[in-house]
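Everything below concerns the one structure shown next.
Residue numbers (the working numbering): 2 to 113.
Following this line, the structure appears as structure tokens:
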């Protein structure tokens, strides 16, 4: 989205801080500008808890994409965000399928 933008345009778009630190390089951060960190990943070592955490993360990402879609009128940006939103929906569904299998396994009798 910043390809070909001048420094003045970047400053007007409130991306000056990002530009000062990263230039035009991609740098993962949220819509507010908070840098991504591994602290966002939660894991308990329990498949049920971890899958619920994964599903919640997918729903939060979906909601963020929906907010961003409403904030733009650029067709290219909208198409990209709609693709990413749909990807989160599919991820949520796949995690749900795995969660169902985990419950089935836990409920089954274990013979050794």
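Just so you know, even glycine gets a beta-carbon here, dropped at the ideal spot from N, CA and C.
Close beta carbons around residue i, own chain, < 7 Å, minus the five adjacent residues each side
i	result
residue 101	none
Rounded separation between residue i and residue j - CA only
i	j	result
residue 111	residue 52	22 Å
residue 61	residue 6	30 Å
residue 37	residue 29	6 Å
residue 10	residue 58	33 Å
residue 8	residue 27	16 Å
residue 40	residue 46	16 Å
residue 81	residue 4	16 Å
residue 14	residue 75	15 Å
residue 22	residue 12	13 Å
residue 79	residue 69	8 Å
residue 109	residue 48	16 Å
Short Cβ contact (9 Å threshold) for residue i with residue j
i	j	result
residue 65	residue 31	yes
residue 34	residue 18	yes
residue 90	residue 63	yes
residue 86	residue 67	yes
residue 56	residue 96	yes
Contacting residues, own chain, Cβ-Cβ under 8 Å from residue i (five flanking each side not counted)
i	result
residue 93	56, 59, 60 and 63
Same chain, Cβ closer than 6 Å to residue i, neighbours up to 5 away in sequence not counted
i	result
residue 20	11
Segments of 4+ residues assigned as alpha helix (DSSP H) that fall wholly inside the stretch 63–109
76–108
Are there three or more Cβ pairs, one per stretch, closer than 8 Å when the stretch 86–101 is compared with the stretch 41–60?
yes
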